[in-house]
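The sequence shown begins at 27 in our numbering and counts up one residue at a time.
We treat Cβ as the ideally placed atom computed from N, Cα and C, and that holds for glycine.
Here the structure is a predicted model, which is why all the values come from computation and not from measurement.
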Amino acid sequence: MARPAARTSARVSPRPTRLTGCGTGGDSNPRPVPTVADTQSADDAKLQVEESFRRLDRRVHARLGAVTGGVSTFAMSMACADWAGHLSISPGKQLELVWKAARKWQRMNATLFRTITGSDGADPCIEPLPHDRRFSAPEWVRPPFNLIYQSFLLTQQWWHNATTGVPGVSRQSERLVEFASRQWLDMLSPSNFLATNPQVLDRTLATGGANLVRGLGFWAEDAARAMAPGPARPHPEFRPGETVAVTPGKVVYRNRLMELIQYEAQSETVRSVPILIVPAWIMKYYILALSPDNSFVRWLVSEGFTVFCISWKNPGPEDRDVGLEDYLQLGVMEALDAVTAITGAEKAHMLGYCLGGTLLSIAAAAMARDGDDRIETMTLLAGQVDFSEAGELTLFTSDAQVALVEDMMWEAGYLDQRRMAGAFNMLRSQDLVWSRAIREYLLGERSDPSDIAAWSQDATRMPYRMHSEYLRRLFIGDQLSEGRFEAGGKAVFVPDIRVPVFAVATEHDHIAPWQSVWKLTYLLHGDVSFLLASGGHNTGIVAAPGNPHAHFRLIEHESGAAHDDPDGIMASVPAKGGSWWPVWSEWLVRTSPETRTPPPTGCPDRGYPVIGEAPGTYVFG
């Protein structure tokens, strides 16, 4: 019997299965079956192509932003179109503007007639606004300069009327157009030009033009400094660790985002509850540790407090993906862990300045949500929680403007400090730009350097992700006040904060308007001590005792009490002379009166050895 043929083992072909066509016996050119790898490769290729399109947009927008100084021309164009379009269909508003122009012409002619004839009572037909000191010098009383500046003020007033109150114009467009017109008028002010400024003319005649020569030299120095590569540096007379930020202390902790400084005690006993300061990361921390006679930190230590302060790292391109969550965890929370571990205290007084106050509010709300009760009190210095009315800074936080800033940051990985400084200067161009230019470049008077002025030049960069989140989630979205802001993957609610709160605002703050800071009393359900200090965003906070011009108003808002109208605070609450620092110190002592021996500096056993001397290394970045 014949043996059956041996069966060969089946082998899987590495080639893809051949498909047959429908209704046919086969296909001579079959299509391969797509595999998972093939699909993923196709998706990746699609994403890469789409990303290349977006990269092109980002690069174009970044170049445009560099040309326009970071200002969105399209946002301005749309605002102007909104204003001009609604004005064109508002004949009543047009007639009103014609009528106002005619009245101002009559007033100007009457002033001209009195000036020519030398009539008694030749008072100006218009007075500058209270904060406008451009024409306060006695030289401006002389003809024809009195007529020049009064004509300018009338023009300025007319343009304010023209850009506001137009029916149908959105609030954002109105504020943007009014702001733009004010910037142009400030630039064209007669005080800015040699031929129309009597002070400059008199100085030029008296010195034979030496003032202009000196001014030209000052301008050349400033231009060279502005065009120099690298970050701006403070005045050499006010270098941290030498003349400012000299309060003795040690760096006791460092991570990729911050250094923690513990200041040395200056008394045999200290308050039992330590203070942790969370400064803004937009500037260097030593705004609160300036020269010895102007140092908030030094004063606190002399008052018997144990003080810790965060010094933020100046981020670079490698930090582009650092976000608000990182600042919260690596900054506030890890610093608080270190403070309680080193001192052995169960709680700490927490103080946040400007953006640091906003971050501290987020941390306090998250801790309240999670049952973390390590905060004894919370103090906010010019710190906002509600951003619905955050002042003129919102002019730079429209969707179009933020999109442009994001594309500029995307290319570099951060926002250059000079861009931010330029935006702040634009908010007060009359004082911060043009008045300085007149004094230094036309009058030839170089301003004496000061610690706070030098500090303002020592700005920091802003990481791409963090600044984008800050603008979109807080400024535009106002998520924190509305209970939509997430920290640690869950929403935080400001009303959950139940600790005693002390909020300080300043009367002339152009970054965090005091009316915006006041809204904290609406959001918190506990007791809030609200103090309105004289001065601006920085000068009002850095107001050491002994300043004869300092004053403040204190409002104690108790839980459950009716809320005051912010517009009535100035009239209903009398101002008290002096610095707000002792008032706040007394509030802290009433809250926690216990004392103890000074804690050790650092704690190596718990992972917090002394790393180096204050002010650390990050402050020089």
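Endpoints, alpha helix (DSSP H) assigned at residue i
i    : result
R129 : 117-143
F178 : 171-189
L385 : 381-396
L614 : 607-617
F244 : 236-253
C106 : 99-114
G594 : 592-598
I478 : 477-482
T369 : 360-369
T269 : Segment: none, T269 is in no alpha helix (DSSP H) and carries neither H nor E.
M213 : 197-213
L220 : No alpha helix (DSSP H) contains L220, which DSSP labels as neither H nor E.
Candidates the options: closest to residue i by CA position
i    : options                : result
D522 : G515, M596, V543, Y548 : Y548
G95  : L377, V431, W166, Q410 : V431
A531 : L326, L557, S196       : L557
D248 : R472, P625, V270       : R472
K602 : G633, P150, D593, I581 : I581
V157 : E533, G628, F322       : At residue 157 the sequence reads His, which differs from the Val that was named. Of the listed residues, the one whose Cα sits closest to H157 is E533.
R487 : D553, I401, L283       : L283
S196 : I567, A101, W436       : A101
G194 : L220, A110, A128, S207 : A110
P341 : K310, T369, N320       : K310
A361 : V348, P117, G349, M376 : M376
E415 : T143, R201, L121       : R201
R168 : S494, P224, A136, Q209 : P224
R632 : T99, E495, V86, G370   : G370
V272 : L421, G572, V358, F322 : F322
Q198 : E418, I174, A392       : E418
R395 : G515, A559, V428, D484 : G515
G439 : M492, S424, A463       : M492
S482 : G470, L316, G604, D347 : L316
E285 : G357, G349, L231       : G357
Rounded straight-line distance, which links the Cα of residue j to that of residue i
i    : j    : result
R229 : L242 : 15 Å
K339 : E351 : 16 Å
G561 : A569 : 9 Å
G47  : D69  : Low per-residue confidence applies at G47: pLDDT is 38, beneath 50, and the placement is therefore not dependable, though the value from the model is reported in the following sentence. The straight-line gap from Cα to Cα measures roughly 27 Å.
D53  : A513 : Reliability of the predicted coordinates at D53 is poor, the pLDDT of 48 falling under 50, and the value obtained from them is presented with this limitation in mind. Their Cα atoms are separated by approximately 59 Å.
R140 : K130 : 15 Å
E372 : V411 : 26 Å
P600 : E584 : 19 Å
S215 : T617 : 52 Å
I637 : Y279 : 7 Å
F205 : I152 : 21 Å
V518 : G509 : 6 Å
E612 : H563 : 23 Å
A163 : Q132 : 26 Å
G503 : F511 : 9 Å
G191 : T222 : 32 Å
H575 : T143 : 42 Å
E329 : R159 : 39 Å
W606 : P619 : 19 Å
L82  : V428 : 18 Å
F244 : A529 : 41 Å
Q209 : L220 : 20 Å
Residues near residue i by beta carbon distance below 6 Å, same chain, minus five either side
i    : result
G378 : V304, L386, L406, G409
P274 : E290
P266 : Y312, P641, V645
Same chain only: Cβ atoms within 7 Å of residue i, ignoring 5 sequence neighbours per side
i    : result
D593 : none
Y634 : V278, Y279, A364, A367, I368, G628
C106 : V203
L326 : I301, V333
N320 : D477, V568, A570
G647 : K339, N340
V296 : G330, F331, T332, T621, R622, P624
Per DSSP, the bridge partner or partners of residue i
i    : result
Y440 : P489
L558 : A531, R579
F334 : Q288, L302
L512 : Contrary to the premise, residue 512 reads as Glu rather than Leu in this sequence. DSSP, once it has assigned bridges, lists A517 as partnering E512.
Residues near residue i by beta carbon distance below 8 Å, same chain, minus five either side
i    : result
E263 : T269, P475, A480
Segment limits, beta strand (DSSP E) that includes residue i
i    : result
V277 : 275-280
E294 : Careful: E294 lies outside any beta strand (DSSP E) and carries neither H nor E.
L546 : Taken as a continuous stretch (DSSP letters only), L546 belongs to no beta strand (DSSP E), being part of the alpha helix (DSSP H) at 546-549.
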